[in-house]
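Undergrad:
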Amino acid sequence: MKVRHLEQTEHGLTRPLYEEVFSEDSKRFVDYYYTEKTKDNQIYVAEEDGGIQAMLHLNPYELNVNGMKKKANYIVAVATRESYRGRGFMKALLETALKDMYREGESFTYLMPAAEAIYTPHGFRTVYTQQLEYCPIGEAGDVTLENGITCQVRPVANQDIPMLVNAENAALEAEGYQVYTLKSEMYYERLMKEYASEGAKLMLYYLNGHLVGNCPYVPEQEEEEAPKIMIRITDTKRMLASVSLRELTAVCFQITDPIIEENNRTVVVTGTEHSGVMLMDGKEENSEGTVTVEALGELLFGVKTVKEICLEEGVSMSDRMKEEMKKIIPLSKIRLDEEV
1 MKVRHLEQTE HGLTRPLYEE VFSEDSKRFV DYYYTEKTKD NQIYVAEEDG GIQAMLHLNP
61 YELNVNGMKK KANYIVAVAT RESYRGRGFM KALLETALKD MYREGESFTY LMPAAEAIYT
121 PHGFRTVYTQ QLEYCPIGEA GDVTLENGIT CQVRPVANQD IPMLVNAENA ALEAEGYQVY
181 TLKSEMYYER LMKEYASEGA KLMLYYLNGH LVGNCPYVPE QEEEEAPKIM IRITDTKRML
241 ASVSLRELTA VCFQITDPII EENNRTVVVT GTEHSGVMLM DGKEENSEGT VTVEALGELL
301 FGVKTVKEIC LEEGVSMSDR MKEEMKKIIP LSKIRLDEEV
């Protein structure tokens with residue numbers, strides 16, 4: 001097996017594997033994906049017996065993380081040809097991509113798992129359930145919401161995009177989201193093409209002439225369980241520096257990561273509610289405890305409390321450290337609703 005990062009001109013070589021593994025996707029959607037998304041994404045492949053037998057795609061997004069712009073990769077299209085499964089191809093692809101993302105200075109990565117159990121051994125943890133909302137009609141008309149309010153809806157047009165970008169980013173900020181995808185004109189231009197490939201439309205909602213929201217119309221939409229999003233910290237120092245503190249904090253602890261060697265370190269976290277987190281390298285003899293990279297992710301993204309992560313294997317904290325770690329404000333209000 002040879003793991004390789006493809007050149008952009010080689011991305012089309014993975015389409016046969018995509019069509020084989022994701023046979024439920026329509027030709028129109030796959031055409032969209034390989035025309036639009038592979039323009040600027042990264043693809044890792046595992047080659048054996050003269051061909052591509054497994055792949056992993058990194059689709060780039062710009063996120064707002066606690067008021068800071070951060071680039072992050074959404075891991076999608078993780079696939080292994082059936083006859084090559086169970087031989088460690090996916091593990092090799094994930095580990096290579098995670099190490100490269102650390103070198104690129106990315107704080108974390110995320111994915112929508114086919115099954116959570118596939119990714120938990122690699123340090124991924126579920127932090128968010130996507131919010132699926134659909135418009136019942138695909139043309140201009142009236143829609144009554146669950147609260148009884150009637151809105152006017154219509155399909156989005158190209159000239160609406162600049163207004164929609166500003167409105168959506170402002171709404172996400174006003175609603176207090178701490179982690180969300182920053183919208184841009186290119187984002188919506190692509191999203192409209194993605195919806196069109198599936199026979200769907202993006203609909204705008206108006207109330208008394210004011211734009212109040214948007215969601216897709218999807219014909220013959222079936223009831224489905226809302227997809228989950230899992231995250232994995234790729235750079236522990238950058239991730240810690242992204243959070244805020246409730247009050248004066250000072251604590252020294254060790255972090256362990258079995259995949260990204262550089263994350264195995266002793267850190268000193270200091271700061272106040274005004275300064276945010278300030279990080280320094282610490283000495284092992286001064287450490288007040290140990291936290292695994294996955295437990296740190298659960299804590300920083302608000303999935304578990306300090307008390308809960310202390311019950312996990314590989315995590316230990318002094319009583320003082322527990323109190324200091326409680327001063328971290330978790331990034332628990334998340335909005336990551338993209339499909340690919």
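As numbered in the UniProt record's numbering, residues 1 to 340 make up the sequence shown, in order.
Glycine included, C-beta positions come from ideal geometry on N, C-alpha and C.
Report the three-state DSSP secondary structure of Thr-38 (helix, strand or coil).
TA: Helix, per DSSP.
Undergrad: On the DSSP letters alone, give me the boundaries of the alpha helix (DSSP H) that Lys-91 sits inside.
TA: That run of the alpha helix (DSSP H) goes 89–103.
Undergrad: What is the DSSP secondary structure of Ile-334, reduced to helix, strand or coil?
TA: Three-state DSSP puts Ile-334 in a strand.
Undergrad: Among Thr-236, Val-179 and Glu-198, whose alpha-carbon lies nearest the alpha-carbon of Glu-262?
TA: Residue Thr-236 is the option with its Cα nearest to Glu-262.
Undergrad: Let me see if you follow: with CB-CB separation under 8 Å, is Arg-154 close to chain B or not?
TA: The chain labelled as chain B is not found in the depicted structure, where only one protein chain is given.
Undergrad: Measuring alpha carbon to alpha carbon, tell me which of Glu-7, His-11, Ala-72 and Leu-63 ends up nearest Arg-232.
TA: The candidate whose alpha carbon is nearest that of Arg-232 is Ala-72.
Undergrad: Alpha carbon to alpha carbon, how far is Val-65 from Ser-275?
TA: Those two C-alpha atoms are separated by around 16 Å.
Undergrad: Short check: CB of Thr-14 to CB of Gln-53, under 8 Å?
TA: No, Cβ-Cβ distance for Thr-14 and Gln-53 is not below 8 Å.
Undergrad: Shortest alpha-carbon distance to Lys-37 belongs to which of Met-68, Ala-77, Glu-20 and His-5?
TA: Comparing Cα positions, the closest option is Ala-77.
Undergrad: Pull the bridge partners of Ala-250 from the DSSP assignment, please.
TA: The partner list for Ala-250 (beta bridge, DSSP) reads Thr-270.
Undergrad: Indicate whether Val-266 and Met-278 have their beta-carbon atoms separated by less than 8 Å.
TA: Note that residue 266 corresponds to Thr in the displayed sequence, not to Val. No; because the gap between Cβ atoms is not below 8 Å, this pair is not in contact.
Undergrad: Nearest-angstrom Cα distance between Thr-234 and Glu-106?
TA: Looking at the two C-alpha atoms, the distance is approximately 6 Å.
Undergrad: For Val-45 and Leu-94, which I take to be in contact (beta-carbon distance under 8 Å), what is that distance rounded to the nearest angstrom?
TA: Incorrect: roughly 13 Å between the Cβ atoms, too far for contact.
Undergrad: Which residues in the same chain have their Cβ closer than 6 Å to the Cβ of Ser-244, if we skip the five residues on either side of it in sequence?
TA: The answer, listed in chain order, is Gly-276 and Ile-329.
Undergrad: Taking all protein chains shown into account, do 16 or more other C-beta atoms lie within 10 angstroms of the C-beta of Asn-264, making it buried, or fewer, making it exposed?
TA: It is exposed - the Cβ of Asn-264 has fewer than 16 other Cβ atoms within 10 Å.
Undergrad: Leaving out five residues before and five after Pro-219 in sequence, what residues of the same chain have Cβ atoms less than 6 Å from its Cβ?
TA: For Pro-219, where only same-chain residues beyond five positions count, the Cβ hits under 6 Å are Gly-199.
Undergrad: Are three or more beta carbon pairs between the stretch 283–290 and the stretch 151–167 nearer than 8 Å?
TA: No, the stretch 283–290 does not touch the stretch 151–167.
Undergrad: Straight-line CA distance for Lys-69 to Leu-63?
TA: The alpha-carbon atoms of Lys-69 and Leu-63 are separated by roughly 6 Å.
Undergrad: With which residues is Arg-265 paired in a DSSP beta bridge?
TA: Beta-bridge pairing links Arg-265 to Ile-255.
Undergrad: Going by DSSP, name the residue or residues bridged to Cys-215.
TA: Paired residue(s): Met-203.
Undergrad: Hey, Tyr-195 and Leu-202: beta-carbon distance below 8 Å or not?
TA: Cβ atoms of Tyr-195 and Leu-202: closer than 8 Å.
Undergrad: Can you tell me which residues form a DSSP beta bridge with His-11?
TA: The partner list for His-11 (beta bridge, DSSP) is empty, contrary to what the question assumes.
Undergrad: Would you report the Cα separation of Ile-229 and Val-21, rounded to the nearest angstrom?
TA: Each residue's alpha carbon lies about 21 Å from the other.
Undergrad: Find the nearest neighbour of Cys-215 within the set Lys-99, Ser-197 and Tyr-134, judged by alpha-carbon distance.
TA: It is Tyr-134.
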